[in-house]
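For any residue, its number in the numbering used here is found by taking its place in the sequence shown, counting from 1, and adding 374.
The beta-carbon is built from N, C-alpha and C at its ideal position, and this holds for glycine as well.
Predicted model, so just to flag it, every value in this text is computed and none were measured.
Quick notes on the structure that follows.
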Amino acid sequence: MSLVSIPSADTNEVVLRVENLCKVFRLPGARSQVFNALNQLNLAVTRGRTLAVVGESGSGKSTMAQLIMKLQRPSAGRVSLRMDSGMRDVADLPARDLYRKVQMVFQDPYASLNPRQRIWRIVSAPLCNYENLSRDERCQRALHYLQQVGLGETQLHAFPHMLSGGQRQRVNIARALATNPEILILDEPLSALDVSVQAQIINLLQDLQRDLGLTYIFISHDIAVVRHFADQVLVMKSGDMVEWGDVDQVLENPSQAYTRQLLGSMPGRPRELPVRKESINVIAGG
Numbered sequence: 375m376s377l378v379s380i381p382s383a384d385t386n387e388v389v390l391r392v393e394n395l396c397k398v399f400r401l402p403g404a405r406s407q408v409f410n411a412l413n414q415l416n417l418a419v420t421r422g423r424t425l426a427v428v429g430e431s432g433s434g435k436s437t438m439a440q441l442i443m444k445l446q447r448p449s450a451g452r453v454s455l456r457m458d459s460g461m462r463d464v465a466d467l468p469a470r471d472l473y474r475k476v477q478m479v480f481q482d483p484y485a486s487l488n489p490r491q492r493i494w495r496i497v498s499a500p501l502c503n504y505e506n507l508s509r510d511e512r513c514q515r516a517l518h519y520l521q522q523v524g525l526g527e528t529q530l531h532a533f534p535h536m537l538s539g540g541q542r543q544r545v546n547i548a549r550a551l552a553t554n555p556e557i558l559i560l561d562e563p564l565s566a567l568d569v570s571v572q573a574q575i576i577n578l579l580q581d582l583q584r585d586l587g588l589t590y591i592f593i594s595h596d597i598a599v600v601r602h603f604a605d606q607v608l609v610m611k612s613g614d615m616v617e618w619g620d621v622d623q624v625l626e627n628p629s630q631a632y633t634r635q636l637l638g639s640m641p642g643r644p645r646e647l648p649v650r651k652e653s654i655n656v657i658a659g660g
């Protein structure tokens, strides 16, 4: 089960809550053997802030994200999301209502895009679940979201293979923005990109958070990125929550031996990213 208590948070500012969340997988070919991917996880995500989730492979980070998005069913526990009527159990929400509020940006910027579709179709696809739009209307809406992420008409009619890795990840972010969500789950969104492009995407995400009031759950293994990008950090090990607190507190003065071990073994401690605080302009690269 979780090894630490949940930090207090203003109830009115909590937009997503996880309570005693568990996920058990039965191992193939073994009747009695199981793998506990998540063990009674508890957390509260605060509006407009970034919660980073770090841990080794198999720690349960991506499983947690999949349970929030209903891509997996929990073995026990619940995920609650703030709706207009108050906190609602995600299990009771239709998918279209959930995805209005929460969207996900995946690790591989190429594999998560349909290679046979033009960018305008990819970006505007989520809108088809909510509105009856003509082709021209979809193109215009897609262009709007592309411009929000620093792209433009040049990319609108392109195919994914015609774009750079950074541009493809911007397209993924634009698609996630199409439903005007409040929460973005960012599952290792930088790991497939080189360092200079990582910095551009971080700046973009920070600008979007400031301008749109977004809340981020940021899954990462890169301490340098977490240090710069996150407000709070959750450390996980083998499905358990080991440590949780403000990012400076946890990274500079960790209270748990496992956190200290993890910080020593993960990349990024001495590295500084060339991030900048300027507004996003339409760019041809990155």
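query                                                                                                                         : result
For Ile-575 and Met-375, the rounded distance between their alpha carbons                                                     : Annotation note: pLDDT 44 at Met-375 (below 50); position unreliable, coordinate value reported separately. So the two alpha carbons sit approximately 35 Å from each other.
Beta-carbon contacts of Asp-471 that lie in its chain and below 8 Å, excluding the five residues immediately before and after : Met-457
Contacting residues, own chain, Cβ-Cβ under 7 Å from Gln-481 (five flanking each side not counted)                            : Asp-561, Glu-562, Pro-563, Ser-565 and Ala-566
Alpha-carbon to alpha-carbon, Leu-530 and Leu-537                                                                             : 11 Å
Where the alpha helix (DSSP H) containing Ser-454 begins and where it ends                                                    : Ser-454 -> not in any alpha helix (DSSP H); beta strand (DSSP E) instead, spanning 450-457.
Spatial neighbours of Pro-448 in its chain, beta-carbon cut-off 7 Å, leaving aside the 5 residues before and after            : Leu-395, Cys-396, Lys-397 and Leu-441
Identified DSSP bridge partners for Asn-410                                                                                   : Val-398
C-alpha distance - Ala-418 paired with Asp-620, whole-angstrom precision                                                      : 13 Å
Per DSSP, cross-strand counterpart(s) of Val-388                                                                              : Thr-420
Contacting residues, own chain, Cβ-Cβ under 7 Å from Trp-494 (five flanking each side not counted)                            : Arg-512, Cys-513, Ala-516, Leu-530 and His-531
Close-in-space but distant-in-sequence residues of the same chain around Ser-639 (CB under 7 Å, 5 per side omitted)           : none
Option in Gly-434, Arg-400, Gln-491 and Ala-552 with minimal Cα separation from Ser-594                                       : Gly-434
Under the three-state DSSP convention, the category Leu-567 falls into                                                        : coil
When Gly-613, Lys-611, Asp-568 and Leu-637 are compared against Val-600, the one with the closest alpha-carbon                : Leu-637
Sub-7 Å separation of Leu-390 and Leu-467 beta-carbons                                                                        : no
Arg-544 in three-state terms, based on DSSP                                                                                   : helix
Contiguous alpha helix (DSSP H) assignments of at least 4 residues, all confined to the stretch 490-555                       : 493-498, 509-522, 527-530 and 539-551
For Leu-472, three-class secondary structure by DSSP                                                                          : helix
Bridge partner(s) assigned by DSSP for Met-353                                                                                : The requested residue 353 is not part of the displayed model; the chain covers only 375 to 660.
Exposure of Arg-509, with buried meaning 16 or more beta-carbon neighbours within 10 Å                                        : exposed
Spatially closest choice to Asn-666 from Thr-424, Met-461, Thr-528 and Phe-409, by CA coordinates                             : What the structure shows of the chain is the stretch from 375 to 660, and residue 666 is not part of that stretch, so it cannot be assessed.
Spatial distance of Gln-583 from Ser-612 (CA atoms)                                                                           : 31 Å
Strand pairing of Glu-393, partner residues [DSSP]                                                                            : Arg-452
Expected contact under 8 Å - CB spacing of Val-392 and Val-453 to nearest Å                                                   : 5 Å
Leu-558 versus Val-476, Leu-507, Leu-578 and Ala-573, residue with shortest Cα-Cα distance                                    : Val-476
Exposure label - Val-569; buried when at least 16 CB within 10 Å                                                              : exposed
Distance, Asn-506 Cα to Ile-547 Cα                                                                                            : 22 Å
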